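Q: In this note's numbering, the protein residues as written are 52 to 394. C-beta: ideal position from N, C-alpha, C; glycine also. Model, not experiment: these values are computed from the prediction. Before anything else, here's the structure in question.
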Ligand SMILES: Nc1ncnc2c1ncn2[C@@H]1O[C@H](COP(=O)(O)OP(=O)(O)O)[C@@H](O)[C@H]1O
Ligand SMILES: [Mg+2]
């Protein structure tokens, strides 16, 4: 294995400390820089020469680091530029212009996957089942198309990490729809999408590759202590609030009881979706599985959370890919990815 010069790009306030001596394992688990720490430590363990670069909105710093370090590859851990998550695509776009290889998804895949309406339109064209939906733009009159039936689920059309998503996102009448759409507009500053609410199991699938793709075992988010009447939703609280997670027994693990042919069908569907959405590197796809067996695509997450113990790396591990092997694989894929280069 070739030892590489790796430029690890990360948010400036998520630079991990040099040493974690004195931190308890609980403190480490919730450290905001855990992904950065896990990735950098692993790259070092693998024998690569890692240069960490904290970035907020300073392009010249990236250019200088590229010129001075001449990295073989950039390990892209950035999810925004200048605090704007929509600009994640521009950073890899810039790396392409500078002819620097990078890990993870390409600009087009990032752009398509971020837009929860655009990605569903593309998939619908290819006859992949998605919830019906309507978009409500900021400042426009809120009028629900007749064909769209309650209950509906209202969220930002571009935000992620369940920003602005709570139990109130599930709406059952016009008044609740209007009020939640306005909430999304005001709270996130972005357009809202209202989707058919799909009741069922919440499944996540890891996909890795550029051309030849591999999927990881189907993962499931469960509420072990959820009362019957509480709708299953991966709200911001379910994702980030330890107290909420303890209270309702929120956990994620390999999906139980899926017949072999269903898992295989999901794997094939994931590969089709990944290609249709132009993704490369690695991603996690979110689905809902109705009790009828119908599978609905919810959204694609290119460059999903990569810390040790997260869904993506856990499901890779289940398939026999250790964390070190996973990080090395992501590097290899970045080294091999061929963007269209200027002649
Ligand atoms: N159409 C829907 N039907 C049922 N649940 C949904 C729907 N859309 C979103 N959810 C719930 O909200 C969660 C977050 O929505 P998602 O579109 O994945 O946004 P994010 O990018 O914030 O993760 C999902 O994981 C799911 O639990
Ligand atoms: Mg999601």
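Pull the bridge partners of residue 257 from the DSSP assignment, please.
A: Position 206 of the chain shown holds residue 257. DSSP output for residue 257 lists 335 as bridge partner(s).
Q: Would residue 348 and residue 355 be called neighbours here (beta carbons separated by less than 8 Å)?
A: Translated into positions along the chain shown, residue 348 becomes position 297. Translated into positions along the chain shown, residue 355 becomes position 304. For residue 348 and residue 355, no; Cβs fall outside 8 Å.
Q: Following the continuous beta strand (DSSP E) through residue 347, name the residue where it begins and the one where it ends.
A: Locating residue 347 in the chain shown gives position 296, where the first residue counts as 1. 346-353 is the span of the beta strand (DSSP E), which, as asked, contains residue 347.
Q: Quick check: what's the CA-CA separation for residue 230 versus residue 60?
A: Taking the first residue of the chain shown as 1, we reach residue 230 at position 179. Taking the first residue of the chain shown as 1, we reach residue 60 at position 9. Residue 230 and residue 60: Cα-Cα distance of roughly 39 Å.
Q: Enumerated in chain order, which unbroken segments of the beta strand (DSSP E) with a length of 3 residues or greater are wholly contained in the region 234-281?
A: 243-247, 252-259 and 270-274, all fully within the region 234-281.
Q: When you compare only the Cα positions, how much space is there between residue 212 and residue 117?
A: Here residue 212 refers to the residue found at position 161 when the chain shown is read from its first residue. Here residue 117 refers to the residue found at position 66 when the chain shown is read from its first residue. One C-alpha to the other measures close to 30 Å.
Q: Between the alpha carbons of residue 273 and residue 194, how many angstroms are there, rounded?
A: Sequence index remark: in the chain shown, residue 273 carries index 222 (1-based). Sequence index remark: in the chain shown, residue 194 carries index 143 (1-based). Their backbone Cα atoms lie some 34 Å apart in a straight line.
Q: Considering only residues of the region 58-120, which uninterrupted beta strand (DSSP E) runs meet the minimum length of 3 residues and lie entirely inside it, listed in chain order?
A: Runs found: 100-106.
Q: Grab the span of the alpha helix (DSSP H) containing residue 401 for me, first residue to last.
A: The structure shown has nothing for residue 401, since the chain only spans 52 to 394.
Q: Is residue 310 near ligand 1, in the sense that its beta carbon is under 7 Å from a heavy atom of that ligand?
A: On the chain shown, position 259 is the one that residue 310 refers to. No.
Q: In angstroms, rounded to a whole number, what distance separates the CA positions of residue 64 and residue 133?
A: Counting from one through the chain shown, the residue named residue 64 turns up at place 13. Counting from one through the chain shown, the residue named residue 133 turns up at place 82. Their backbone Cα atoms lie some 12 Å apart in a straight line.
Q: Taking the beta carbon of residue 122 as the centre, do at least 16 other beta carbons fall within 10 Å, making it buried, or is it exposed?
A: Mapped onto the chain shown, residue 122 falls at position 71. The residue in question, residue 122, is buried, as its Cβ has 16 or more Cβ neighbours within 10 Å.
Q: Residue 157 by DSSP, collapsed to three states: which one?
A: On the chain shown, position 106 is the one that residue 157 refers to. Three-state DSSP puts residue 157 in coil, outside helix and strand.
Q: Leaving out five residues on either side along the sequence, give the residues of the same chain with a beta carbon under 7 Å from the beta carbon of residue 166.
A: Indexing the chain shown from 1 puts residue 166 at position 115. Answer for residue 166: 208 and 209, listed in chain order.
Q: Closer than 7 Å to a non-hydrogen atom of ligand 2 - does that hold for the CB of residue 352?
A: As a working mapping, residue 352 is identified with position 301 in the chain shown. Checking every heavy atom of ligand 2 against the Cβ of residue 352, one is found closer than 7 Å.
Q: Going by alpha carbons, who is nearest to residue 218 out of 288, 357, 265 and 353?
A: Looking up residue 218 in the chain shown gives position 167. The candidate whose alpha carbon is nearest that of residue 218 is 288.
Q: Determine the closest residue to residue 329 out of 232, 159 and 91, with distance taken between C-alpha atoms.
A: For the purposes of this step, residue 329 is identified with residue 278 of the chain shown, where counting begins at 1. For residue 329, the nearest C-alpha among the options comes from 159.
Q: In chain order, what residues of the same chain lie with their CB nearer than 7 Å to the CB of residue 321, ignoring the 5 residues before and after it?
A: Taking the chain shown and counting its residues from 1, the one referred to as residue 321 is at position 270. So the qualifying residues of the chain are 256, 258, 266 and 336.
Q: Buried or exposed, going by whether 16 or more other CB atoms sit within 10 Å of the CB of residue 161?
A: What you label residue 161 is simply residue 110 of the chain shown in a count that begins at 1. Buried, by the Cβ-count rule.
Q: Kindly examine ligand 1 and report whether one of its heavy atoms sits closer than 7 Å to the Cβ of residue 174.
A: Residue 174 sits at position 123 when you count from the first residue of the chain shown. Because no heavy atom of ligand 1 lies under 7 Å away, the Cβ of residue 174 does not count as near it: no.
Q: Give every residue of the same chain whose Cβ lies closer than 6 Å to the Cβ of residue 290, excluding the five residues on either side of it in the sequence, and list them in chain order.
A: Taking the chain shown and counting its residues from 1, the one referred to as residue 290 is at position 239. So the qualifying residues of the chain are 213.
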